[in-house]
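In our numbering, the protein residues as written are 3 to 258. A short worksheet on the structure shown next.
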Ligand code: FPP
C-alpha cells in the first residue's frame, strides 16, 4: 500500500494531490450515490438528466479515488428495489453503464483500474451485461484500483443467497453446522475477495443504508452529506476522507 502511494506521488497524472495531507487513507470506500432525481427536479429537468449528471461525477470521483491510492471503490449504481421506478427511468439507468464505459473504458484500462460488478447480473438486460462483461474482460489483467459497481444489488438478497448456499453445503456434508463461523458466511458473500469498506459515503441528506452491504458495513465509518450526487465534487470526497482519517476505529474494543 505504501509503495502504491509512493508511486502515485510520482505519477504525472497525480494532478498535484498531496496524499500526505491525509493521515490515514481508507482501503475500501463505498458510496451510495443519492439525490440525482431531486437535483434534476430543482432545475426543472427530467430525472434522467440527474442520472446523466451523476454519471459524470462518477468519472471525477473514480479519478480522485485512484489518485489517493484507494484500493477498492464500490458504487451503488442500481438496487434490486430500483426496478420499481418508471420504465423509462429504468431503461435509462440500464443504458448508463454502456454510456459511461463507451467514453471512459479506455482511460480505466490505461489507469490500471479493474472493473468489477456485484449483484444479480443475470437479470440485467443483455446490452447492459455485454457492456459490463467487456469492461471486466478488458481490465481483467489490471492490478490497480478495483472499481466495483453494485448493479441490481440488494444486501438481503446477497445474504439470503449466502445462507442458501451454506445450507446446501451442510446438506451435502461439506460443512458441519457446529463449525460455521463469521468468516464462513463472509466467504459466500459477493464481496468475499475484498476487505469490508472502511468508509461509507451517502449523499443527498438521507441517513439510511437502503439495503446496501448490511453485513460488510458492521464496523464501517459512515459519512453523510446533504449534497446531491451530481453536485458532489473532489473536495467533498476529500472532506469525507479527512473525516475518516481523523477517526479512531476501535472495533468494539478500547484504544490506549
Ligand atoms: C439515486 O438517486 C441514484 C440512482 C438510483 C442511480 C445512481 C446512478 C448514477 C449516479 C450513475 C451511475 C453511473 C454508472 C457509471 C453506472 P435517486 O434517483 O434516487 O435520486 P432522488 O432520491 O433524488 O430521487
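For glycine and all other residues, C-beta sits at the position ideal for the given N, C-alpha and C.
Run through the DSSP bridge pairs and tell me what residue i is partnered with.
| i | result |
| --- | --- |
| residue 53 | In the DSSP output, where bridge partners are listed per residue, residue 53 has none listed. |
| residue 223 | 201 |
| residue 77 | 33, 151 |
| residue 118 | 150 |
What distance in whole Å lies between the Cβ atoms of residue j and residue i, which are believed to be in contact at a cut-off of 8 Å?
| i | j | result |
| --- | --- | --- |
| residue 225 | residue 202 | 7 Å |
| residue 292 | residue 28 | Outside the shown range of the chain (3 to 258) lies residue 292, about which nothing can therefore be said. |
| residue 199 | residue 55 | That pair is no contact at about 25 Å. |
| residue 152 | residue 121 | 6 Å |
| residue 115 | residue 146 | 5 Å |
| residue 117 | residue 138 | 5 Å |
| residue 109 | residue 130 | 20 Å between Cβ atoms; not a contact. |
Any heavy atom of ligand 1 closer than 6 Å to the CB of residue i?
| i | result |
| --- | --- |
| residue 140 | no |
For a test of your reading of the model: does the CB of residue i fall under 6 Å from any non-hydrogen atom of ligand 2? Yes or no.
| i | result |
| --- | --- |
| residue 180 | For ligand 2, the structure offers nothing, since it holds only ligand 1. |
Counting contacts by CB-CB distance shorter than 7 Å, is residue i in contact with chain B?
| i | result |
| --- | --- |
| residue 217 | Absent from the structure is chain B; it holds one protein chain and no more. |
Next item on the list: Go through the segment 124–165 residue by residue and report every complete run of the alpha helix (DSSP H) that reaches 4 residues or more, in order.
Entry: 128–140
Margin query: Using a strict less-than 5 Å threshold between each residue's beta carbon and the heavy atoms of ligand 1, what residues do you get?
Written below: 35, 36, 37, 38, 39, 40, 56, 57, 60, 79, 98, 99, 102
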